[in-house]
């Protein structure tokens, strides 16, 4: 409900009424779910409007200020992006809807690594680990399993590989969803884990 007018029934002037309306509509309840990008752009627009009549140097100074504000916003959004993505996507399934065999994922990882796509090779290598454990009956098949869930569930039958599984899950999330660049060393870590898991036998 809009804010009430002045006490005593005094008439509200047009200017005062506009000010009351703006104050009321600026309240948070009327703007749910505004993204951080929209808030940054809105703040820049307000800054430029207020600067037009006060910044020495006229329009050239305003243009320079605009460029600085846009650059600052880009830096902020770039920093926020990689931080937010792993949180949003870390719960995504590890395996695709139609998983191949462990051998197929292993070979695809080798092909990607040879082509220099180490991020893709890391992803395929952890998928090979997951399928290896499912094919051997160490873990029950489950398409919705995440990388973190794989690490937790496989650590019980394979306690000797628990640390490697946690490291692999973290690396998978970082290159898959966090925008981290894959490396040859990272791929080797996953390949070594895959080989170790393949050699390890669980207690019957």
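Numbering (the numbering used here), first residue to last: 147 to 350. All C-beta atoms in this analysis are idealised placements derived from N, C-alpha and C, irrespective of residue type, glycine included.
Segment limits, alpha helix (DSSP H) that includes residue i
{"i": "residue 261", "result": "Run containing residue 261: none; DSSP gives neither H nor E here."}
{"i": "residue 321", "result": "308-322"}
{"i": "residue 291", "result": "Segment: none, residue 291 is in no alpha helix (DSSP H) and carries neither H nor E."}
{"i": "residue 330", "result": "330-345"}
Inter-residue spacing [alpha-carbon to alpha-carbon] between residue i and residue j
{"i": "residue 262", "j": "residue 256", "result": "10 Å"}
{"i": "residue 231", "j": "residue 303", "result": "Here the model assigns residue 231 a pLDDT of 47, short of 50, so the residue's position is not dependable, and the following value carries that caveat. Cα-Cα distance, rounded: 31 Å."}
{"i": "residue 270", "j": "residue 188", "result": "42 Å"}
{"i": "residue 346", "j": "residue 324", "result": "31 Å"}
{"i": "residue 322", "j": "residue 286", "result": "24 Å"}
{"i": "residue 260", "j": "residue 252", "result": "12 Å"}
{"i": "residue 337", "j": "residue 307", "result": "13 Å"}
{"i": "residue 229", "j": "residue 319", "result": "Unreliable positioning characterises residue 229 in this predicted model, as indicated by a pLDDT of 47, which lies under 50. A coordinate reading is not provided."}
{"i": "residue 294", "j": "residue 250", "result": "22 Å"}
{"i": "residue 290", "j": "residue 312", "result": "18 Å"}
{"i": "residue 281", "j": "residue 214", "result": "56 Å"}
{"i": "residue 264", "j": "residue 329", "result": "5 Å"}
{"i": "residue 331", "j": "residue 277", "result": "22 Å"}
{"i": "residue 327", "j": "residue 297", "result": "22 Å"}
{"i": "residue 267", "j": "residue 254", "result": "7 Å"}
{"i": "residue 258", "j": "residue 288", "result": "25 Å"}
{"i": "residue 299", "j": "residue 284", "result": "10 Å"}
{"i": "residue 315", "j": "residue 272", "result": "8 Å"}
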